[in-house]
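See structure below.
What follows is the structure, given as structure tokens:
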């Protein structure tokens, strides 16, 4: 079982290495094509316009633009938290009655009595 995993790892690394090597060799093919092209000398006349002469340049090469990437998209979802304020009227009310009359002393208190 371990030999099988080692063989699979070796083959996968060999595949990645060959893909990168093929891309490098292919870039040398573009350089060779540019060096072997014949130069084109244009002769322009002041009284004559050339509209039929064009050069075809290959700008998009899928082999040269190949790149390794992940399969996970890089889209981030933004969550915005908003504070929701709901006004609720109180269901009950409590009234306290304060008397102005001091009914005695409480020894647990250390401050003078408060009158409401």
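In the numbering used here, the protein residues as written are 211 to 326.
Glycine included, C-beta positions come from ideal geometry on N, C-alpha and C.
For residue 284, the three-state secondary structure derived from DSSP is coil. It is roughly 16 Å from the alpha-carbon of residue 270 to the alpha-carbon of residue 238. Annotation: residue 258 is outside any alpha helix (DSSP H) and is labelled neither H nor E by DSSP. Collapsing the DSSP output to three states places residue 211 in coil.
The C-alpha of residue 278 lies about 17 Å from the C-alpha of residue 235. It is roughly 11 Å from the alpha-carbon of residue 216 to the alpha-carbon of residue 223.
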